[in-house]
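>
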Amino acid sequence: MHQDEAYAVMVSPWRPSRLTRAQQEERRLAAQPALGDSARTTRDLSQQFGVAEVTIRAWRARLKRDGEEALHASRATGRPERLTAEQQKAMAAIIDEDARSHGFDTHGWTIPRIRQVIGVKYGVWLDRAHLSRKLRRWGFSYQRPALRAVERNEDDIASWVRVQGEALEKKGC
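Just so we're aligned: 873 in our numbering is position 80 of the sequence shown, and the numbers increase by one with no gaps anywhere.
Quick look at the structure:
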């Protein structure tokens with residue numbers, strides 16, 4: 794065997810640091826036939842599939858205890874959504890509207906305002922940080938308003954800049 798070939802056999806293929814649930818299941822199912830082979834050592838299998846030896850032992854125990862279906866993925870439950878899909882769509886439509894149409898003094902939406910609308914409309918009071926993450930998931934991004942006075946007059950500003958610029962030119966600055 795050539796030296797490069799020996800090196801290629803020793804180096805394991807690239808593996809991402811985090812696998813999705815589907816990828817983890819795929820890896821377990823790929824390992825299933827090898828797990829039944831008593832000639833294969835735990836260390837050998839752990840290196841081949843990129844998991845700890847304790848994981849190989851756990852997989853073997855699950856196969857022995859539960860049979861063929863033991864290595865299939867279980868359903869990820871997690872905490873149920875407090876707003877239904879329809880309510881989420883309705884909230885996205887509301888946020889696209891002007892906040893003044895919902896009783897606020899200005900047109901901008903803030904997390905407390907959105908939280909209040911959800912609370913009053915649906916009786917669900919979400920945490921501010923959670924609502925911020927949820928809004929990102931719904932496709933909204935944080936927008937910082939430009940700080941400008943309501944009384945700002947662009948024509949007056951332009952004429953002032955022109956007059957001051959001429960005055961500075963006369964002074965030689």
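Cβ coordinates follow ideal geometry from the N, Cα and C atoms, glycine included.
Beta-carbon within less than 7 Å of residue 900's beta-carbon, same chain only, minus the 5 sequence neighbours each way: which residues are those?
Correct list, in chain order: 891, 892 and 893.
> Pairing CB atoms from the segment 870-881 with CB atoms from the segment 835-848, are three or more of them under 8 Å?
Not touching, per the Cβ criterion.
> From residue 812 to residue 845, what distance separates their C-alpha atoms?
Taking the straight line from one Cα to the other gives about 15 Å.
> Could you tell me whether the segment 841-855 touches the segment 810-826, using the rule of 3 or more Cβ pairs below 8 Å?
Yes, since at least three Cβ pairs between the segment 841-855 and the segment 810-826 fall closer than 8 Å, the two stretches touch.
> DSSP on residue 920, reduced to helix/strand/coil?
Coil at residue 920, not helix or strand.
> Should the segment 906-916 be regarded as contacting the segment 877-888, the criterion being three or more beta carbon pairs within less than 8 Å?
Yes, the segment 906-916 touches the segment 877-888.
> With a CB to CB cut of under 8 Å and the five nearest residues on each side skipped, what residues in its chain are close to residue 908?
918, 919, 921 and 924.
> Which runs of the alpha helix (DSSP H) at least 4 residues long sit entirely within the segment 811-865? Give them in chain order.
Counting whole runs of 4 or more residues, the segment 811-865 contains the alpha helix (DSSP H) stretches 814-828, 835-842 and 846-859.
> Short check: CB of residue 866 to CB of residue 856, under 7 Å?
Going by C-beta atoms, residue 866 is not nearer than 7 Å to residue 856.
> Helix, strand or coil, according to DSSP, for residue 895 in the structure here?
Here residue 895 sits in helix by DSSP.
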